[in-house]
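Numbering (my numbering), first residue to last: 7 to 98.
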(Lines of atoms letter the chains of each structure in order from A; the text may use other names.)
(Lines give C-alpha, C1' and ligand atoms only; values in the text may rest on other atoms or scores of the structure.)
Protein backbone atom coordinates (compact mmCIF):
# COMPACT_ATOMS: atom_id res chain seq x y z
CA UNK A 7 0.00 0.00 0.00
CA UNK A 8 1.40 3.36 -1.03
CA UNK A 9 1.47 6.23 1.45
CA UNK A 10 -0.94 9.08 0.86
CA UNK A 11 0.62 12.02 -0.95
CA UNK A 12 0.09 15.23 1.03
CA UNK A 13 -0.75 18.65 -0.29
CA UNK A 14 2.35 20.85 -0.32
CA UNK A 15 2.42 24.55 0.47
CA UNK A 16 5.77 26.16 -0.23
CA UNK A 17 6.39 29.51 1.44
CA UNK A 18 9.44 31.04 -0.21
CA UNK A 19 9.34 34.10 2.02
CA UNK A 20 9.50 32.15 5.29
CA UNK A 21 11.64 29.43 3.64
CA UNK A 22 9.42 26.57 4.74
CA UNK A 23 7.19 23.83 3.36
CA UNK A 24 3.92 22.60 4.86
CA UNK A 25 2.97 18.99 4.16
CA UNK A 26 -0.78 18.58 4.66
CA UNK A 27 -2.41 15.15 4.93
CA UNK A 28 -6.11 14.62 5.64
CA UNK A 29 -5.25 13.69 9.25
CA UNK A 30 -1.97 15.52 9.93
CA UNK A 31 0.08 18.58 9.04
CA UNK A 32 3.87 18.99 9.26
CA UNK A 33 5.81 22.24 8.90
CA UNK A 34 9.52 22.17 8.05
CA UNK A 35 11.95 24.99 7.41
CA UNK A 36 14.31 24.46 4.49
CA UNK A 37 17.15 24.21 7.02
CA UNK A 38 15.35 21.47 8.98
CA UNK A 39 14.64 19.50 5.80
CA UNK A 40 18.34 19.64 4.93
CA UNK A 41 19.23 18.44 8.45
CA UNK A 42 16.87 15.44 8.27
CA UNK A 43 17.77 14.34 4.75
CA UNK A 44 17.17 10.58 4.61
CA UNK A 45 19.86 9.71 2.03
CA UNK A 46 22.45 7.10 3.01
CA UNK A 47 25.26 9.66 3.26
CA UNK A 48 23.38 11.99 5.61
CA UNK A 49 21.93 9.12 7.68
CA UNK A 50 25.41 7.65 8.12
CA UNK A 51 26.72 11.00 9.36
CA UNK A 52 23.88 11.32 11.88
CA UNK A 53 24.32 7.75 13.15
CA UNK A 54 28.04 8.39 13.70
CA UNK A 55 27.29 11.78 15.32
CA UNK A 56 29.33 13.55 12.67
CA UNK A 57 28.12 17.07 12.05
CA UNK A 58 26.83 17.74 8.57
CA UNK A 59 28.56 20.79 7.21
CA UNK A 60 26.36 22.77 4.90
CA UNK A 61 25.34 26.34 4.31
CA UNK A 62 23.23 27.58 7.21
CA UNK A 63 21.21 29.61 4.71
CA UNK A 64 20.35 26.68 2.48
CA UNK A 65 17.21 26.91 0.39
CA UNK A 66 15.19 24.51 -1.72
CA UNK A 67 15.90 24.78 -5.44
CA UNK A 68 13.67 22.02 -6.79
CA UNK A 69 10.98 19.53 -5.73
CA UNK A 70 10.44 16.32 -7.71
CA UNK A 71 7.56 13.99 -6.86
CA UNK A 72 8.64 10.35 -6.76
CA UNK A 73 5.37 8.55 -6.04
CA UNK A 74 6.16 7.36 -2.52
CA UNK A 75 7.81 10.65 -1.56
CA UNK A 76 9.58 13.72 -2.83
CA UNK A 77 13.12 14.49 -3.91
CA UNK A 78 14.24 17.80 -2.47
CA UNK A 79 17.18 19.58 -4.10
CA UNK A 80 19.06 22.16 -2.05
CA UNK A 81 21.13 25.23 -2.85
CA UNK A 82 24.27 23.57 -1.43
CA UNK A 83 24.09 21.09 -4.33
CA UNK A 84 22.70 18.20 -2.29
CA UNK A 85 20.00 16.32 -4.21
CA UNK A 86 20.38 12.67 -3.19
CA UNK A 87 17.59 12.42 -0.64
CA UNK A 88 14.12 11.20 -1.46
CA UNK A 89 11.89 11.98 1.49
CA UNK A 90 9.18 9.28 1.78
CA UNK A 91 5.78 10.63 2.77
CA UNK A 92 5.68 8.38 5.84
CA UNK A 93 9.15 9.56 6.90
CA UNK A 94 8.03 13.20 6.79
CA UNK A 95 4.82 12.38 8.61
CA UNK A 96 6.70 10.71 11.48
CA UNK A 97 9.40 13.32 12.14
CA UNK A 98 8.78 14.94 15.55
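All C-beta atoms, glycine included, are put in the ideal place defined by N, C-alpha and C.
Here the structure is a predicted model, which is why all the values come from computation and not from measurement.
{"Item": "Helix, strand or coil: which one does DSSP assign to residue 54?", "Value": "coil"}
{"Item": "Please classify residue 46: does DSSP put it in a helix, a strand, or coil?", "Value": "helix"}
{"Item": "So for residue 72, helix, strand or coil by DSSP?", "Value": "coil"}
{"Item": "Quick one: what's got a C-beta closer than 8 Å to residue 93's C-beta in the same chain, skipping five residues either side?", "Value": "44 and 75"}
{"Item": "If you draw a straight line from the alpha carbon of residue 47 to that of residue 28, how long is it in whole angstroms?", "Value": "32 Å"}
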